[in-house]
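These notes are about the structure you will find just below.
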Amino acid sequence: MTTLSTHVLDTALGRPASGVSFTLQEGDVLRFEGITNEDGRCPALKDLVLTAGRYRLVFCVAAYFAEQGMVLADPPFLETVPIFFGIGDEGHYHVPLLLSPYGYSTYRGS
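Just so you know, we're using numbering that gives the first Met the number 0 here: the sequence shown kicks off at 0 and counts up by one.
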């Protein structure tokens, strides 16, 4: 069984990014839509059982930054952040997003 989680952290404000909407897609198939909670996580994502394949998380970050009063450019530098990744046959995959208005990073967490 393979599971997935994510954690979005706002590095500009130094706190979890609450209220970030995102989707999980497998190819052209929408597998999940969610919004991060007050801790920057979406616990319901872990309920999905995933198979090996290629996936994409797409985070809607411009709306989040606007909600924080951090619209620093028009149009925003980052509208969405897509993260393309592969999943193997078993295990847990954690895909964190470290976010600021002008940049982001990700990695495979635990």
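Where is the CB? At the ideal position from N, CA and C, for every residue including glycine.
Closest by CA to residue i, which one among the options?
i, options, result
"Val60", "Ala43, Val7, Arg40 and Leu23", "Val7"
"Leu12", "Gly85, Lys45, Phe64 and Arg55", "Phe64"
"Leu29", "Ser17, Thr35, Gly18 and Leu44", "Leu44"
"Thr79", "Asp88, His91, Leu96 and Gly68", "Leu96"
"Val19", "Asp46, Ser109 and Gly33", "Gly33"
Going by DSSP, which residues form a beta bridge with residue i?
i, result
"Ser99", "Gly102"
"Val94", "Thr5"
"Cys59", "Thr79"
"Phe31", "Leu23"
Quick one, are the C-beta atoms of residue i and residue j less than 9 Å apart?
i, j, result
"Ala51", "Ile86", "yes"
"Tyr84", "Arg53", "Note that residue 84 is Phe in the sequence shown, not Tyr. Yes, they are a contact pair."
"Phe21", "Val48", "no"
"Thr1", "His91", "yes"
"Arg40", "Ser4", "yes"
By Cβ distance, which residues of its chain are closer than 6 Å to residue i, with the 5 residues on each side in sequence left out?
i, result
"Asp38", "Pro15"
"Met69", "Pro100"
"Asp88", "Ala51"
"Gln24", "Arg55"
Quick one: residues in its chain with C-beta nearer than 7 Å to the C-beta of residue i, no 5 flanking neighbours on either side, listed in chain order?
i, result
"Tyr106", "Pro95"
Please look up how many angstroms separate the CB atoms of residue i and residue j, rounded, as I've assumed it's under 8 Å.
i, j, result
"Thr10", "Leu98", "6 Å"
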